[in-house]
Amino acid sequence: DICYLMASASDPQVRTEAVRQLAGLLSIEHIEGIGQKAVDIGVVPLLVEQLSGCEDLQAAAGQALSMLAIQNGDAVANADAVPPLVQLVSSHTDRVCVWAIMALCHVMSGLAARRDVVVAAGIVEPLLKVMRETSNVDVLKGSALLLRNLWIVPENAPLPAAVAELAPFVPVVVGLIAAPEQDDHVLRGARGALAHFGSSFVGRDGTDADRDALMEHGAVPSIRTLLETGELGAHEVAASILRFMTAGTTSHVQALIDGGLVPLLVDVAANAESDPGLKELAAGNIGSIAREGSQQQIEYVVECGGIQPLCDLLDGDDSNREVTISTLDKILGAGEQKQANEGLP
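In the numbering used here, the protein residues as written are 1 to 345.
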């Protein structure tokens, strides 16, 4: 009966009520296999058709598709639901936007192939726009979750989109994390998204164009904000992005210096009250800047008090010792060069 009403009723309110009844059935946990039965009788294509209806119908269909996609993501994706759902992310009606986002979250959850389908349908631009503009908690919560799913990248797998397309999200997500009295669900989603973004840079060389894109879209002030939070997870993300940046040119290193990161890192590393993990990350970041820096940049790190945190690393994990010794050796070489240049004794 529900399928018949969705397929044949001319009154949008009747179709909306039919879809809502379907969603109600799908929400009943003790009805075993209800989702698969709905898929088997051809409900998904009918729901996709409703996405072009009135706003109430769009929201109801998005909700039903979201519920079905939890266990039947392939069926939803194969019914060409992704393109209209991506379009509805731009809806000015929050409940339509929310259910479109949640349906896409469940479609792409856990599978890179389905994530790539969502990316190919053009999700990046509307998702960025809605995250920048909305103040609705449910929309932000869903958006952060969708972005997290977008940024889950297996080791050695390609990024889902170019860094230039992903970089604008960084200050947006950092802003959500830094906002006072942020909703716990939004905060949790934003932290999760940013953690996956940071981990996606681990072990990647990237290109200078990638680093330029991060700089252009505010990566340096974002790193500073993350360091100022005092949270270990935030520092780990900042460290990943910072190491990626220092692998570029001396201009990229200079951008980090100009952003005031070195004194901040030294303060964190020297603070007796800092978490030991934070101190180690801060010292490692100081080392990254010195190791990849020019003569003048190394001198600046020394002037800021960067040697002591590096020396402290020698007492820590053996895995860091060789890199730290190499960094200190480079600093000593820079000191000898300065001595020779200025005729110092």
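Beta carbons are placed, not taken as given, at the ideal position from N, Cα and C, and that holds for glycine.
Helix, strand or coil at Cys54 [DSSP, three-state]
Your numbering for residue 54 matches position 54 in the sequence shown. It is coil, neither helix nor strand.
Mark Pro180 as exposed unless 16 or more other C-beta atoms lie within 10 angstroms of its C-beta, in which case mark it buried.
Reading the sequence shown from its first residue, position 180 is the one you call residue 180. Pro180 comes out exposed.
Run through DSSP, which three-state label would Ala75 get?
One-based indexing of the sequence shown puts residue 75 at position 75. In this structure, Ala75 counts as helix in the three-state DSSP scheme.
Any idea if Ile28 is buried or exposed, counting beta-carbon neighbours within 10 angstroms, 16 or more meaning buried?
By one-based count along the sequence shown, residue 28 stands at place 28. Exposed: under 16 other Cβ atoms inside 10 Å.
Return helix, strand or coil for Cys97, following the three-state DSSP convention.
By one-based count along the sequence shown, residue 97 stands at place 97. Cys97: helix per DSSP, three-state reduction.
DSSP three-state assignment for Asn136, whether helix, strand or coil
Here residue 136 corresponds to residue number 136 of the sequence shown, with the count starting at 1. Three-state DSSP puts Asn136 in coil, outside helix and strand.
Alpha-carbon spacing of Gly335 relative to Leu278, whole angstroms:
Taking the first residue of the sequence shown as position 1, residue 335 is located at position 335. Taking the first residue of the sequence shown as position 1, residue 278 is located at position 278. C-alpha separation (whole angstroms): 28 Å.
Decide if the region 30-44 is in contact with the region 13-21; the criterion is three or more beta carbon pairs, one per stretch, under 8 Å apart.
no
Out of Ser143, Ser199, Val139, Val137, which has the shortest C-alpha to C-alpha gap to Ala157?
Position 157 of the sequence shown, counted from the first residue, corresponds to residue 157. Comparing Cα-Cα distances from Ala157 to each of Ser143, Ser199, Val139, Val137, the minimum goes to Ser199.
If you run the structure through DSSP and keep just helix, strand and coil, what is Val39?
Numbered from its first residue, the sequence shown carries residue 39 at position 39. Val39 falls in the helix class under three-state DSSP.
Please go through the same chain and pick out, in chain order, the residues whose beta-carbon is closer than 7 Å to the beta-carbon of Thr249, but skip the five residues on each side of it.
Locating residue 249 in the sequence shown gives position 249, where the first residue counts as 1. Within the same chain, Thr249 has close Cβ partners Asp208.
Is the beta carbon of Pro126 sitting closer than 7 Å to the one on Ser90?
On the sequence shown, position 126 is the one that residue 126 refers to. On the sequence shown, position 90 is the one that residue 90 refers to. Their beta carbons are under 7 Å apart, which means Pro126 touches Ser90 by this criterion.
So which of Ser143, His185, Asp74, Pro84 has the shortest CA-CA distance to Gly110?
For the purposes of this step, residue 110 is taken as residue 110 along the sequence shown, with counting starting at 1. Cα-wise, what sits closest to Gly110 is Asp74.
For Tyr346, count neighbouring Cβ atoms within 10 angstroms of its own Cβ and tell me buried if that reaches 16, exposed if not.
Residue 346 falls outside the range modelled here, since the chain spans only 1 to 345, and no answer is possible.
How is the alpha helix (DSSP H) around Ile298 delimited, first residue to last?
In the sequence shown, counting from the first residue as 1, residue 298 sits at position 298. That run of the alpha helix (DSSP H) goes 295-303.
Using a Cβ-Cβ cutoff of less than 6 Å, which residues in the same chain neighbour Leu22 once the five nearest sequence positions on both sides are dropped?
Position 22 of the sequence shown holds residue 22. If we look at Leu22 and ignore the five residues flanking it on each side, its Cβ neighbours are Ile2, Ala64.
On the DSSP letters alone, give me the boundaries of the alpha helix (DSSP H) that His235 sits inside.
Residue 235 sits at position 235 when you count from the first residue of the sequence shown. Segment 232-246, the alpha helix (DSSP H) holding His235.
Just curious, the alpha helix (DSSP H) that Ile289 is in, first and last residue?
Numbered from its first residue, the sequence shown carries residue 289 at position 289. Note, Ile289: alpha helix (DSSP H), 276-292.
Alpha helix (DSSP H) segment containing Ala219, residue limits
As a position in the sequence shown, residue 219 is number 219, starting the count at 1. Ala219 -> alpha helix (DSSP H) spans 219-228.
Is it buried or exposed for Ser8, if we count other Cβ within 10 angstroms and need 16 for buried?
In the sequence shown, residue 8 corresponds to position 8, counting from 1. Exposed, by the Cβ-count rule.
Alpha carbon to alpha carbon, what distance is there between Asn136 and Met108?
Taking the sequence shown and counting its residues from 1, one reaches residue 108 at position 108. Taking the sequence shown and counting its residues from 1, one reaches residue 136 at position 136. If you take the alpha carbons of Met108 and Asn136, they lie about 23 Å apart.
Quick one, which of Asp205, Gln296, Asp315 has its alpha-carbon nearest Val163's?
Within the sequence shown, residue 163 is the residue found at index 163, counting from 1. It is Asp205 whose Cα lies nearest to the Cα of Val163.
CB-CB length for Val153 against Ala121, believed under 8 Å:
By one-based count along the sequence shown, residue 153 stands at place 153. By one-based count along the sequence shown, residue 121 stands at place 121. Val153 to Ala121, Cβ: 18 Å. No contact.
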